[in-house]
Amino acid sequence: MDQTTSQHSEYIPMVSRISVALADASCAMLQNLSVGGGALTYFFTRWRGLDPGLAGLVWILFGIWNAVNDPLFGFISDRTKSKLGRRIPYIRFGAPLYALAFVMFWLVFPGTQNSQTGMFIQLLISLFIFDSLYTAIATSIYVMPYEMAISNKARSGIFIWKIIFTVFPMAVPLILLPIIQPGPGQDAGGFQWTMIGFAVGMGLIILFSTYFYQEKQFQRGQEQFPFFKSLKECFSNRSFIIFEIISFTVIYVQTGLMQGVLYYFDEIDVPAIPLYAALAVGIIAGILLFIRQREIWGIRLSTRIMSLVFSFGCFTILFLGKSLLPTMVGFFCFGIGFAGGMYLIPLMNGDVVDMDEHRTGLRREGMYAGVNSFITKPAISLAQAVFLWFLYLFGYDQSLAKGMQSAQAETGILFGWTLIPGILLFICFIGLKWYPLAGPAWDNIKKTLAEDHIKKESEYISSLTKIN
């Protein structure tokens, strides 16, 4: 990998940036078409007829599994020793299995169609398998920019491409699912074949992407802490604790908003095209704003602004979401929030890992990603379950055709969709005031780390040359 000797001129080749971004987007596409986008819950409850209470229980049990597998995989990943690196083997060899697990969601296995128990077991087991593979692949892709570069300038180049390609896993579920998602009694054949096609295409992209980027070599030879010491060191990092507030919130909000939009367009008589247009304009405006202002405002202030705007959008739709113009304003704010979440949160996470290296002398991206998932991935389950509970409280009738819910149920959709996200985002706006990784002292630490990486990489390569 062609990199120069200063963190300010550190360079990642274009093909590497694009390949990582494509792999990330493809992995996210399958996640958002199923778990993150709400289609899985909708498919099992609305089309197959699984009781919403049982579906909610699945998400709670699934959340418990997440508490185990993510930190464990992060620990294993950091300690992996392979000629391909610490992360790439999981991405390359896990991709075909990940695609197959996605297909399992949409198959109706014999004996399950009219059985609440059968559907419950299928949903639970499929989620466990899919999420285990998602953890291995997505976590490895997520930390790859931190394996490839140390400066926010170089990492930013990767994340810009990630944002560009992430538009697709965000937009495709939002636009496509309301069109192809089968309602009660409708034929699901076209929907199921579409999902299988996505599985094959995304799996191939993830697999072949691994031939166009690589990790720094010196990190492969580092001896890591034992598991519990490694876990303790994460929570000894004060910046990580504050980071988790916004990280949890972004995952919860993105899941909740993508889940709720399916029900919103089913029942609220507001045209979708102007709202999607406002969302797209907001995403573009947010990307341009934060890329332009990041170095001026810094990560901390930029993220606080993003949180406040995002929260305002949620409360606007909560109270005025049955009218077109206020809802367009809300969707525009959603766009800015989604853009900020995609661009700023990974940069903040990289800084947290860099601070850990400054404290411990080790690169532990995998452990941090695992613990981050341990805290944030339950937000996916919680967002799904809370939304379903709001529907239940407001009298939503899942047996009715689209557009036939009561006015009270429509209000329940708005509350379940935006109330909790709006509150969480405002809490983040306040809490990030105490995020410590900002200012000249932190800039100097980053510069020193960049110089150390160059030295360690050179020494490691020299040692390999001597052995050979």
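Residue numbers are given in this note's numbering: position 179 of the sequence shown equals residue 188, and the series is strictly consecutive.
Ideal placement from N, C-alpha and C gives every residue a C-beta, glycine not left out.
Status (buried if at least 16 other CB within 10 Å, exposed otherwise) for residue i
i, result
"PHE328", "exposed"
"GLU276", "buried"
"TRP202", "exposed"
"GLN16", "In this prediction, GLN16 has a pLDDT of 43, which is less than 50 and means its spatial position is unreliable; what the coordinates show is noted afterwards. Classification of GLN16: buried, given that the 10 Å Cβ count is 16 or more."
"TYR377", "buried"
"TYR220", "exposed"
"PRO427", "Per the sequence shown, residue 427 should be read as Thr rather than Pro. Its Cβ being crowded by 16 or more others within 10 Å, THR427 is buried."
"PRO280", "exposed"
"VAL24", "exposed"
"THR14", "Because the pLDDT of THR14 is 38, which lies under 50, any placement of that residue in the model is unreliable, and the number read from its coordinates should be weighed accordingly. With fewer than 16 other Cβ atoms within 10 Å, it is exposed."
"ARG95", "buried"
"GLU419", "buried"
"PHE237", "exposed"
"ILE21", "buried"
"GLY198", "exposed"
"ASN453", "exposed"
"LEU334", "exposed"
"PHE257", "buried"
"ALA410", "exposed"
"GLY206", "exposed"
"ASP365", "buried"
"ASN246", "buried"
Proximity of residue i and residue j at Cβ, strictly below 9 Å
i, j, result
"GLU374", "VAL152", "yes"
"PHE2", "MET315", "Lying outside 10 to 477, the shown extent of the chain, residue 2 is not represented and no answer is given."
"SER165", "TYR99", "no"
"ILE214", "LEU31", "yes"
"PRO191", "PHE168", "no"
"VAL1", "TYR222", "Outside the shown range of the chain, which is 10 to 477, sits residue 1, and nothing can be said about it."
"LEU216", "ALA286", "no"
"SER332", "GLY83", "no"
"GLN125", "ASP60", "yes"
"THR54", "LEU423", "no"
"ALA394", "ILE429", "no"
"GLY291", "PHE343", "yes"
"GLY265", "GLY425", "yes"
"ASP79", "LYS386", "yes"
"MET211", "ALA145", "no"
"PRO178", "SER35", "yes"
"LEU33", "THR175", "Note that residue 33 is Asp in the sequence shown, not Leu. Result yes, Cβ atoms of ASP33 and THR175 sit closer than 9 Å."
"GLU253", "ARG368", "no"
"LEU271", "LEU186", "yes"
"ILE97", "SER91", "yes"
Residue nearest to residue i in terms of C-alpha spacing, selected from the options
i, options, result
"PHE129", "GLY58, PRO283 and SER86", "GLY58"
"ILE463", "ASP196, SER320 and LYS225", "LYS225"
"TYR352", "ILE454, LEU333 and GLN302", "GLN302"
"LEU132", "GLY404, PRO280, ILE250 and VAL67", "VAL67"
"LEU116", "ARG101, THR89, ILE146 and LEU49", "LEU49"
"PHE438", "MET376, VAL176, ALA180 and ILE251", "ILE251"
"LEU183", "GLY269, LEU142, PHE111 and LEU106", "GLY269"
"ARG26", "GLU419, LYS171 and ALA197", "LYS171"
"GLN417", "LYS386, PHE399 and THR219", "PHE399"
"VAL209", "ALA145, MET38, THR420 and ILE169", "MET38"
"LEU441", "LEU266, SER248, MET211 and GLY344", "SER248"
"GLY379", "ALA286, VAL77, MET204 and PHE403", "VAL77"
"SER390", "LEU63, GLY72 and LEU42", "GLY72"
"ILE319", "ASN246, TRP306, ILE422 and ILE255", "The question names Ile, yet the displayed sequence has Phe at residue 319. The option with the nearest alpha carbon to PHE319 is ILE255."
"GLY370", "PRO80, GLY198, GLY65 and SER239", "SER239"
"PHE114", "THR89, LEU42, MET179 and LEU70", "LEU42"
"GLU232", "PHE52, GLY448, ARG88 and GLN407", "ARG88"
"ILE308", "LYS92, LYS90 and GLY448", "GLY448"
"TRP4", "TYR401, PHE234, LEU402 and PHE200", "The chain is shown from 10 up to 477; residue 4 falls before or after that span and cannot be answered."
"ILE173", "GLY65, LEU297, ARG96 and TYR272", "LEU297"
"MET413", "GLY62, PRO193 and LEU288", "PRO193"
"THR70", "ASN246, ALA388 and GLY206", "Here residue 70 turns out to be Leu, not Thr, going by the sequence shown. When only C-alpha atoms are compared, the closest one is ALA388."
"GLY404", "ALA410, SER415 and LYS411", "SER415"
"ALA64", "MET337, ALA410, TYR401 and TRP306", "TYR401"
"GLY7", "ILE85, GLU366, GLY421 and GLN407", "Limits of the chain in this structure are 10 at one end and 477 at the other, which puts residue 7 out of reach."
"VAL44", "GLY421, PRO283 and VAL112", "VAL112"
"ALA110", "LEU185, GLN40 and GLY47", "GLN40"
"LEU106", "PRO119, LEU142, MET204 and PHE118", "LEU142"
"ALA163", "LEU284, MET204, TYR273 and GLU304", "GLU304"
Test: residue i CB closer than 9 Å to a CB of chain C
i, result
"ARG372", "In summary, chain C is missing from the structure at hand, where a single protein chain is found."
Whole runs of the alpha helix (DSSP H) within the segment 127–196, excluding any shorter than 4 residues: 161–189
Which runs of the alpha helix (DSSP H) fall wholly inside the segment 195–257 and span at least 4 residues, in chain order? 198–218 and 236–244
Can at least three beta-carbon pairs, one atom from the segment 356–365 and one from the segment 304–319, be found at a separation below 8 Å? yes
How do the segment 447–460 and the segment 147–164 stand: do at least 3 beta-carbon pairs fall below 8 Å, yes or no? yes
Evaluate the contact criterion for the segment 343–351 versus the segment 136–144: three or more CB pairs, one atom per stretch, below 8 Å. no
At 4 residues or longer, and completely inside the segment 260–329: list those alpha helix (DSSP H) runs for me, N to C. Along the length of the segment 260–329, whole alpha helix (DSSP H) runs at least 4 residues long occupy 281–329, reported in chain order.
If contact is defined by three or more beta carbon pairs under 8 Å, each pair taking one atom from either stretch, is the segment 242–262 in contact with the segment 425–444? yes
My parser needs the alpha helix (DSSP H) runs of 4 or more residues fully inside the segment 16–88; what are they? 23–43, 48–51 and 61–87
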